Amino acid sequence: MTAAMIKIRISTKIGYRWGLFNLSRLAHKHFIMQITPYSHTAINDAAQYLRDGRLVAFPTETVYGLGAVADDDKAVARIFAAKNRPQFNPLISHFADRQTALAAGRTSQIAQLLAAQFMPGPLTLILQRAKNSTISQLASAGTDTIAVRVPAHPIALHLLEAVGRPVVAPSANPSGQISPSTAQHVLDGLGSAVDMILDGGPCQRGLESTVIDCRNAQAVILRPGPITPEDIEKHTGLKIAHSMAGQPNNDQQPVSPGQMTSHYAPKARVRLNAKEFRENEIFIGFGPMPPDLQPHFNLSATGDLIEAASMLFAIMHEADKTATKSIAFAPIPMSGLGITINDRLVRAAAAK
Ligand code: TXA
Ligand code: MG
Numbered sequence: 026m027t028a029a030m031i032k033i034r035i036s037t038k039i040g041y042r043w044g045l046f047n048l049s050r051l052a053h054k055h056f057i058m059q060i061t062p063y064s065h066t067a068i069n070d071a072a073q074y075l076r077d078g079r080l081v082a083f084p085t086e087t088v089y090g091l092g093a094v095a096d097d098d099k100a101v102a103r104i105f106a107a108k109n110r111p112q113f114n115p116l117i118s119h120f121a122d123r124q125t126a127l128a129a130g131r132t133s134q135i136a137q138l139l140a141a142q143f144m145p146g147p148l149t150l151i152l153q154r155a156k157n158s159t160i161s162q163l164a165s166a167g168t169d170t171i172a173v174r175v176p177a178h179p180i181a182l183h184l185l186e187a188v189g190r191p192v193v194a195p196s197a198n199p200s201g202q203i204s205p206s207t208a209q210h211v212l213d214g215l216g217s218a219v220d221m222i223l224d225g226g227p228c229q230r231g232l233e234s235t236v237i238d239c240r241n242a243q244a245v246i247l248r249p250g251p252i253t254p255e256d257i258e259k260h261t262g263l264k265i266a267h268s269m270a271g272q273p274n275n276d277q278q279p280v281s282p283g284q285m286t287s288h289y290a291p292k293a294r295v296r297l298n299a300k301e302f303r304e305n306e307i308f309i310g311f312g313p314m315p316p317d318l319q320p321h322f323n324l325s326a327t328g329d330l331i332e333a334a335s336m337l338f339a340i341m342h343e344a345d346k347t348a349t350k351s352i353a354f355a356p357i358p359m360s361g362l363g364i365t366i367n368d369r370l371v372r373a374a375a376a377k
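Counting in this note's numbering, the sequence shown runs from 26 upward without gaps.
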């Protein structure tokens, strides 16, 4: 750490002072994005960044992930902003060990069988959220499900242990682009949108984890990946079904990842771009509101889109709990994360 420290003179109101600065932190914070090679110091710095709610890209055996602590709504929201994701797809929570991963949800026998065989490894299990789950609602896209994974990569595991909290990590690429399998890919794609990039060399697999819904008697592959149905049958005796993306869903057929039905739709009707109160309606504001339009909830009183995104699903749940028939949303600007929030709101409104 000392190698990167410098002493500089800072001007203050009462004259000059000497201060110690950590150069590499300063570089991360203010100037250039750089790739940080793996070391104990780098892991400690990365863990601190994550605990502070910042974004750290790190290697896994599949692809590089863009990490944020899973129990910090705002940090999770930053991921969607950094990736420029048009939708709030649910995110995978990464854990340092199998027991903690399974404890985040309601485990089934199938989940335990798969975890015993393939965790750590390129496998993601979809579970029912545990009642006392601390994982952000935004990570679950407002649903009562949770995706858990234990990566089989020493650097990822070292980082997860150092953080001591679950870390959500989508692939560290801008939305719609190819998943990154080197630190350089991450830098090229996301640049300064990420606070730190931990380099662990090229990823072994280069293909994202197999996602399996384990909530029902029949396990279903939602996203094919490195672990195949044949692998699973061979090692566990389980027969696994496929859910092809794009197929229509019904109650019997589990949701494919990213499909709109996998998101939370409120029971109440949703009215958008509301500029006035209507009777028996829960009004959700955004930004500073006029005195005659004090909302029941405000996504962000200061008009911060990252905060608004982080609160969206939690507030929808709260509004729904009042058993109201209708929820009205004040206009949300169509820029940055606002586009994502509006996309979600339009879907919520259309679901009725
Ligand atoms: O290999 C991987 O899984 C990588 C590394 C970084 O771990 N991560 C990754 O994350 O590929 P992402 O966000 O790019 O893809 C996650 C997939 C999406 O298709 C998403 O819809 C699905 O997992 N998913 C996440 N949570 C889900 C949930 N609760 N229910 C259904 N699908 C879920
Ligand atoms: Mg991805």
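Don't be surprised by glycine CBs; every beta carbon is placed ideally from N, CA and C. Remember, predicted model here, so these are calculated numbers, not experimental data.
Three-state secondary structure assigned by DSSP to Ala-183 = The residue labelled residue 183 in the question sits at position 158 within the sequence shown. Note that residue 183 corresponds to His in the displayed sequence, not to Ala. In this structure, His-183 counts as helix in the three-state DSSP scheme.
C-alpha distance - Thr-66 paired with Gln-209, whole-angstrom precision = In the sequence shown, counting from the first residue as 1, residue 66 sits at position 41. In the sequence shown, counting from the first residue as 1, residue 209 sits at position 184. Cα to Cα, the separation comes out at about 21 Å.
Where Ala-181 and Ala-121 are concerned, what is the direct C-alpha to C-alpha distance, given to the nearest angstrom?
-> On the sequence shown, residue 181 is found 156 positions in, with the first residue counted as 1. On the sequence shown, residue 121 is found 96 positions in, with the first residue counted as 1. Going by the C-alpha atoms only, they are around 8 Å apart.
Buried or exposed: Gln-277, going by 16 or more other Cβ atoms within 10 Å of its Cβ?
-> Counted from its first residue, the sequence shown places residue 277 at position 252. Because the pLDDT at Gln-277 is just 34, under 50, the model does not fix this residue reliably, and the value given afterwards should be weighed accordingly. Exposed, by the Cβ-count rule.
In chain order, each beta strand (DSSP E) run of at least 3 residues that lies wholly inside the region 82-164 | Those beta strand (DSSP E) runs which fall completely within the region 82-164 and span 3+ residues are 90-94, 117-119, 148-154.
Beta-carbon gap between Ala-299 and Ala-348 smaller than 7 Å = If you number the sequence shown from 1, residue 299 lands on position 274. If you number the sequence shown from 1, residue 348 lands on position 323. No. Outside cutoff.
Does the ligand TXA have even one heavy atom less than 6 Å from the beta-carbon of Ile-265?
-> Within the sequence shown, the letter at position 240 stands for residue 265. Every heavy atom of the ligand TXA is 6 Å or more from the Cβ of Ile-265, so no.
Rounded to a whole number of angstroms, what is the C-alpha to C-alpha distance between Asn-274 and Leu-150?
-> Along the sequence shown, read from residue 1 onward, the residue named residue 274 stands at position 249. Along the sequence shown, read from residue 1 onward, the residue named residue 150 stands at position 125. Unreliable positioning characterises Asn-274 in this predicted model, as indicated by a pLDDT of 37, which lies under 50. A coordinate reading is not provided.
Every unbroken beta strand (DSSP E) within the region 337-366, with a cutoff of 3 residues, ordered by chain = You should have 351-354.
Return yes when at least one heavy atom of the ligand TXA lies under 6 Å from the C-beta of Ser-161, else no.
-> Counting from one through the sequence shown, the residue named residue 161 turns up at place 136. Flag unset: Cβ of Ser-161 not near the ligand TXA.
Expressed to the nearest angstrom, what Euclidean distance is found between the alpha-carbon atoms of Thr-235 and Ser-351?
-> Start at 1 with the first residue of the sequence shown, and residue 235 comes out as number 210. Start at 1 with the first residue of the sequence shown, and residue 351 comes out as number 326. Spanning the two alpha carbons is a distance of roughly 39 Å.
Got a sec? Which residues, its chain only, sit under 7 Å from Ser-217 by beta carbon, not counting five neighbours each side?
-> Looking up residue 217 in the sequence shown gives position 192. Excluding residues within five positions, the ones whose Cβ falls inside 7 Å are Met-58.
Please say whether Val-193 and Leu-80 have beta carbons closer to each other than 7 Å?
-> Residue mapping note: residue 80 aligns to position 55 of the sequence shown, counting from 1. Residue mapping note: residue 193 aligns to position 168 of the sequence shown, counting from 1. Going by C-beta atoms, Leu-80 is not nearer than 7 Å to Val-193.
Could you pull the start and end residues of the alpha helix (DSSP H) that Glu-306 belongs to?
-> For the purposes of this step, residue 306 is taken as residue 281 along the sequence shown, with counting starting at 1. Here Glu-306 belongs to no alpha helix (DSSP H); instead the beta strand (DSSP E) covers 306-310.
Looking at Val-245 and Asp-238, is the spacing between their C-beta atoms short of 7 Å?
-> The sequence position of residue 238 within the sequence shown is 213, counting from 1. The sequence position of residue 245 within the sequence shown is 220, counting from 1. Yes.
Label His-378 either buried or exposed according to how many other C-beta atoms from any shown protein chain fall within 10 Å of its C-beta, with 16 as the threshold for buried.
-> The question about residue 378 has no answer here: the residues shown for the chain are numbered 26 through 377.
Own chain residues within Cβ distance below 7 Å of Pro-199, not counting five before or after | Numbered from 1 along the sequence shown, position 174 holds the residue referred to as residue 199. Excluding sequence neighbours, Pro-199 sits near Lys-108, Asn-109, Gly-214, Leu-215.
Is DSSP giving Leu-370 helix, strand or coil here?
-> Translated into positions along the sequence shown, residue 370 becomes position 345. The answer is helix: DSSP assigns Leu-370 an H, G or I state.
Whose beta carbon lies closer than 7 Å to any heavy atom of the ligand MG, going through the chain in order?
-> Pro-195, Ser-196, Asn-198, Ser-204, Glu-233
Pick from Gly-361, Val-371, Ile-340, Asp-345 that is closest to Leu-163, judged by C-alpha positions | Walking along the sequence shown from the start, residue 163 turns up at place 138. Per the Cα distances, Ile-340.
Is the distance from the Cβ of Leu-223 to the Cβ of Ala-93 below 7 Å?
-> If you number the sequence shown from 1, residue 223 lands on position 198. If you number the sequence shown from 1, residue 93 lands on position 68. No, Cβ-Cβ distance for Leu-223 and Ala-93 is not below 7 Å.
Taking all protein chains shown into account, do 16 or more other C-beta atoms lie within 10 angstroms of the C-beta of Met-359, making it buried, or fewer, making it exposed?
-> The sequence position of residue 359 within the sequence shown is 334, counting from 1. Exposed, by the Cβ-count rule.
Contact the region 359-374 vs the region 292-307: 3+ CB pairs below 8 Å | yes
Would the beta-carbon of Ile-151 be found less than 6 Å away from any heavy atom of the ligand TXA?
-> Locating residue 151 in the sequence shown gives position 126, counting from the first residue. For Ile-151, the shortest C-beta to heavy atom distance toward the ligand TXA is below 6 Å.
Taking DSSP as the reference, what is the three-state secondary structure of Ser-196?
-> For the purposes of this step, residue 196 is taken as residue 171 along the sequence shown, with counting starting at 1. If DSSP states are grouped into helix, strand and coil, Ser-196 belongs with the strands.
For Ala-72, the first and last residue of its enclosing alpha helix (DSSP H) | If you number the sequence shown from 1, residue 72 lands on position 47. Counting along the chain, the alpha helix (DSSP H) containing Ala-72 begins and ends at 65-76.
Would you decide whether Ala-270 is buried or exposed? Buried here means 16 or more other CB atoms lie within 10 Å of its CB.
-> Within the sequence shown, residue 270 is the residue found at index 245, counting from 1. Interpretation of Ala-270 is limited by its pLDDT of 41, a score under 50 that renders its predicted location unreliable; the figure taken from the coordinates is listed afterwards. Of the other Cβ atoms in all chains shown, fewer than 16 fall within 10 Å of the Cβ of Ala-270; this residue is therefore exposed.
Going by Cα to Cα distance, which pick from Ala-128, Gln-134, Gln-137, Ala-136 is closest to Ser-7?
-> For residue 7 there is no data in the structure shown, the boundaries of the chain being 26 and 377.
Within its chain, find whatever has a CB closer than 7 Å to the CB of Thr-365; leave out the 5 residues flanking it on each side and keep chain order.
-> Locating residue 365 in the sequence shown gives position 340, where the first residue counts as 1. If we look at Thr-365 and ignore the five residues flanking it on each side, its Cβ neighbours are Phe-105, Arg-110, Pro-111, Gln-112, Phe-113, Ala-334.
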